[in-house]
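Under the numbering used here, read the sequence shown as residues 395 to 604, first letter to last.
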Amino acid sequence: MNALVASSSDVRNVLGALRSVSRRRPPEKRCELCGLGLGPEHPHVLQLSDRRILCACDPCAILFSHRDENRKFIRIPREVRCLEDFCIEDTEWNNLRIPIDLAFFVHNSAAGRVIAYYPSPAGPTESLLDLRAWEEIVHNNVALGQMRPDVEALLVDRTRGNRRYFIVPIDQCYKLTGMIRMGWRGFSGGDAVWREVDGFFESLRERCGA
395 MNALVASSSD VRNVLGALRS VSRRRPPEKR CELCGLGLGP EHPHVLQLSD
445 RRILCACDPC AILFSHRDEN RKFIRIPREV RCLEDFCIED TEWNNLRIPI
495 DLAFFVHNSA AGRVIAYYPS PAGPTESLLD LRAWEEIVHN NVALGQMRPD
545 VEALLVDRTR GNRRYFIVPI DQCYKLTGMI RMGWRGFSGG DAVWREVDGF
595 FESLRERCGA
């Protein structure tokens, strides 16, 4: 009879193991609009009032798929476009006055202009953009005129001899920024973070045309 009864120490060991598993399990992501549980791959929406990116379920995201002046949210698209024939000279890039060679450009509808940001260990940092120099680049690259305001960005990587240009959903720009912010070490960032950056851009290329 006693053999069938667990000792108090056995119970404590089992409960301790369960608590340990529970602590290791990441919290379930939920739709920030309705509270529905989300899978690892899910849509995002942009809250226009404060430019905050929210996780959303498919039904909520569909509600905000079409632009409306009175809407508080807009769905962030998923499409990635590779700009293989992007036309920009080194002097034109320098004229934009971006302090580093990794940046993204998004049309902010509230401000009524394009704003440039660059990822940094401190997070996304706004850079003073020469709008005349930007308009010249737009004139030479018609794809930039087709970017959706607020939710799509031109992402540029000219670091370490690269020449990578994409039009991407804005959440991807913040994903890259978070990656750099979390992984940056020392003055130059360290080899590990640049391997992550290269992997990120390779994943973008794989998504082009998918």
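Idealized CB from N, CA, C, for every residue including glycine.
Which residue's Cα is closest to the Cα of Glu473: Arg542, Asn535, Cys425 and Asp592?
Residue Arg542 is the option with its Cα nearest to Glu473.
Among the residues of its own chain, which have a CB less than 8 Å from the CB of Val439, if the five just before and after it don't count?
Correct list, in chain order: Leu427, Ile447, Leu448, Ala450, Cys454, Ala455, Phe458, Phe467, Ile468, Arg469 and Ile470.
Within 10 angstroms of the Cβ of Gly584, are there 16 or more other Cβ atoms? Answer buried if so, exposed if not.
By the 10 Å Cβ count, Gly584 comes out exposed.
Among the candidates Met573, Pro563, Phe581 and Asp524, whose CA atom is the shortest distance from the CA of Thr485?
If we check each option's Cα against that of Thr485, Asp524 comes out closest.
Please confirm if the segment 583-597 is in contact with the segment 562-574, defined as three or more CB-CB distances below 8 Å between the two stretches.
Yes: the two stretches touch, three or more of their Cβ pairs being nearer than 8 Å.
For Glu546, which beta-bridge partners are listed by DSSP?
Per DSSP, Pro563.
Quick check on DSSP: helix, strand or coil for Phe458?
Reduced to three states, the DSSP call for Phe458 is coil.
Assign Glu520 to one of three DSSP states: helix, strand, or coil.
Reduced to three states, the DSSP call for Glu520 is strand.
I'd like the span of the alpha helix (DSSP H) that includes His438, first residue to last.
Note, His438: premise wrong, no alpha helix (DSSP H); beta strand (DSSP E) at His438 to Gln441.
Rounded to a whole number of angstroms, what is the C-alpha to C-alpha distance between Val415 and Arg552?
Below a pLDDT of 50, predicted positions are generally treated as unreliable, and Val415, at 49, falls in that range; the measurement from the model is reported next regardless. Their Cα atoms are separated by approximately 43 Å.
Would you mind reading off the limits of the beta strand (DSSP E) that contains Arg606?
No answer is possible for residue 606: it lies beyond the span of the chain, which begins at 395 and ends at 604.
Of the residues Ala504, His436 and Phe560, which one's Cα is nearest the Cα of Gly443?
Reading off the sequence shown, one finds Ser at residue 443, where the question assumed Gly. Of Ala504, His436 and Phe560, the residue nearest in Cα terms is Ala504.
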